[in-house]
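Peer 1: Handing you a structure now.
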Amino acid sequence: MALSLSREDREVIVVDDGSDVPVMDGLEEYLDSIVYVRQLNGGLSVARNMGLRIATGDYIQFVDGDDKILRTAYEHCLDIARYHAPDMVLFESGRMEDADVPFSYEGPVSGSEYMAHNNLKSPVWGYLFRKHILGDLRFTPGSLKEDEEFTPLLMLRCSKVFVTNAKAYYYRRREGSITNNKDKWHVAKRMEDAETVLYKLQAKAAVLPVAERIALNRRVAQLTMDYLYQIIKSTHSSRHLEEAIERLRRHGLFPLPDNKYTKKYTTFRWLVSSHIGRKILLASSSMM
């Protein structure tokens with residue numbers, strides 16, 4: 001509410017996904033400025049899809065319940081939106097306001113060009129985007145890896161992407177959250193959903209024009225690396241790793257593409273491609 005947006009220029013939508021304590025408790029003074037929806041618990045994707053369905057503004061910004069927007073840096077992002085009419089503005093996350101850091105930005109570039117040359121960060125709170133580029137794109141209900149699927153597909157729809165160094169969002173790391181929950185069911189579910197996203201993005205890339213295909217294939221390769229790394233880190237098991245590799249091999253996702261995307265990618269690809277290298281990765285994981 002403290003941003004330089006008039007009441008006519010902002011729309012705050014609160015989707016209460018069946019919380020035990022209604023989230024509007026303590027926000028009574030803002031009732032006339034908020035669109036409040038309470039629904040049965042359906043998970044993060046269902047809540048976000050509800051927000052997308054009822055949103056009427058030109059731009060959309062997701063904010064998770066325990067997080068917050070950092071005002072000074074976010075004003076810089078709003079200025080980019082005001083003066084350049086982008087499809088998307090990517091920004092950084094931080095822990096506190098830092099008005100002394102000079103903000104800079106680059107752009108515009110197309111979404112496919114950005115993805116082809118950069119490591120894409122998937123969290124949907126890390127950017128604001130123009131609503132009309134969505135089309136029929138929505139979050140997959142029930143998935144614990146919904147951002148990994150949604151963000152690259154949204155990026156491909158963008159013609160004008162700007163990137164800024166502004167740390168405009170405070171992400172609160174929550175113990176027991178979906179991302180950090182370490183019980184066996186959640187770990188297995190995250191791995192299963194991550195693998196499903198790989199196959200869905202791979203199938204999508206296969207029918208895209210060349211530039212978009214190259215961009216999305218880079219993202220698929222990076223996500224495949226991340227998936228294998230998480231298998232190693234969470235299971236410390238040679239059997240689980242070999243089984244995952246065999247499934248990826250059957251889908252044409254292993255060995256990883258021989259591209260020098262980043263030093264980390266190149267090193268991991270080299271290690272995971274051999275049995276000796278995989279033993280080294282597994283041995284290293286036991287010390288994590």
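Quick note on full-length UniProt numbering: the sequence shown kicks off at 1 and runs consecutively.
Just so you know, even glycine gets a beta-carbon here, dropped at the ideal spot from N, CA and C.
Go ahead and label Q202 buried or exposed: buried means 16 or more other beta carbons lie within 10 angstroms of its beta carbon, across all protein chains shown.
Peer 2: Buried: at least 16 other Cβ atoms inside 10 Å.
Peer 1: Since N259 is in the alpha helix (DSSP H), which residue starts that stretch and which ends it?
Peer 2: From DSSP, N259 is part of no alpha helix (DSSP H); its letter is neither H nor E.
Peer 1: Check each candidate in I13, E75 and M88 and name the one with the smallest Cα separation from F56.
Peer 2: Here residue 56 turns out to be Thr, not Phe, going by the sequence shown. Out of I13, E75 and M88, I13 has the C-alpha closest to the C-alpha of T56.
Peer 1: Which same chain residues, not among the five before or five after R38, have their C-beta less than 6 Å away from its C-beta?
Peer 2: So the qualifying residues of the chain are D16.
Peer 1: What does the Cβ neighbour count give for N41, buried or exposed, with the cut at 16 atoms within 10 Å?
Peer 2: Classification of N41: exposed, given that the 10 Å Cβ count is below 16.
Peer 1: What is the residue span of the alpha helix (DSSP H) that V272 lies within?
Peer 2: Taken as a continuous stretch (DSSP letters only), the alpha helix (DSSP H) holding V272 covers K263 to V272.
Peer 1: Tell me the start and end of each unbroken alpha helix (DSSP H) in the region 66 to 140 that is at least 4 residues and wholly inside, in chain order.
Peer 2: Taking only runs of at least 4 residues, the alpha helix (DSSP H) segments lying wholly in the region 66 to 140 are 71 to 84 and 111 to 117.
Peer 1: Do you know how far the Cα of M50 is from the Cα of G43?
Peer 2: Rounded to whole angstroms, G43 to M50 spans 11 Å at the Cα level.
Peer 1: Given a threshold of 16 other Cβ atoms within 10 Å of its Cβ, counted over all protein chains shown, does N259 qualify as buried or as exposed?
Peer 2: Exposed is the call here.
Peer 1: As a quick exercise: from S143, Y127, E149 and L153, pick the residue whose alpha carbon is nearest that of G135.
Peer 2: With distances taken between Cα atoms, G135 lies closest to L153.
Peer 1: Which residues mark the beginning and the end of the beta strand (DSSP E) in which D16 is found?
Peer 2: It spans V12 to D16 - the beta strand (DSSP E) in which D16 sits, taken as one unbroken run.
Peer 1: To which residues of the same chain is H251 closer than 8 Å at the C-beta, ignoring the five residues directly before and after it?
Peer 2: Taken in chain order, the residues that qualify are L198, Y199 and Q202.
Peer 1: Counting C-beta neighbours from all protein chains within 10 Å, is the total for R172 16 or more, i.e. buried, or is it exposed?
Peer 2: Exposed.
Peer 1: Quick check on the DSSP output: the beta strand (DSSP E) that includes Q39 runs from which residue to which?
Peer 2: Segment: none, Q39 is in no beta strand (DSSP E) and carries neither H nor E.
Peer 1: Residues bridged to V161 by DSSP?
Peer 2: Per DSSP, M88 and V109.
Peer 1: Could you tell me the boundaries of the beta strand (DSSP E) in which Y229 lies?
Peer 2: Unbroken run through Y229 is the alpha helix (DSSP H), V210 to T235; no beta strand (DSSP E).
Peer 1: Taking Y30 as part of the alpha helix (DSSP H), name the residues at either end of that continuous run.
Peer 2: Taken as a continuous stretch (DSSP letters only), Y30 belongs to no alpha helix (DSSP H), as it is neither H nor E.
Peer 1: Measuring CA to CA, which of L90, L27 and S159 is closest to G111?
Peer 2: Nearest option by C-alpha distance: S159.
Peer 1: Going by Cα to Cα distance, which pick from V46, R218 and S234 is closest to residue 331?
Peer 2: In the structure as shown, the chain begins at 1 and stops at 288. Residue 331 is therefore absent and cannot be evaluated.
Peer 1: Can you tell me where the alpha helix (DSSP H) with Y199 in it begins and where it stops?
Peer 2: Where Y199 is concerned, the enclosing alpha helix (DSSP H) stretches over K184 to A206.
Peer 1: Taking a contact to mean a Cβ-Cβ separation below 8 Å, would you say Y74 touches A168 in this structure?
Peer 2: Yes, they are a contact pair.
Peer 1: Take W270 as the anchor and find which of S284, A283 and P255 has the nearest alpha-carbon.
Peer 2: Measuring from the Cα of W270, the nearest candidate turns out to be P255.
Peer 1: What are the start and end residues of the beta strand (DSSP E) that includes residue 294?
Peer 2: Since the first and last residues shown for the chain are 1 and 288, residue 294 lies out of range.
Peer 1: From L242 to P257, what distance separates their C-alpha atoms?
Peer 2: According to the sequence shown, residue 242 is Glu rather than Leu. In a straight line, the C-alpha of E242 is about 18 Å away from that of P257.
Peer 1: Ends of the alpha helix (DSSP H) at R247?
Peer 2: Residues S238 to R250.
Peer 1: Looking at L128 and I231, is the spacing between their C-beta atoms short of 8 Å?
Peer 2: Taking 8 Å as the Cβ cut-off, I231 and L128 do not qualify as a contacting pair.
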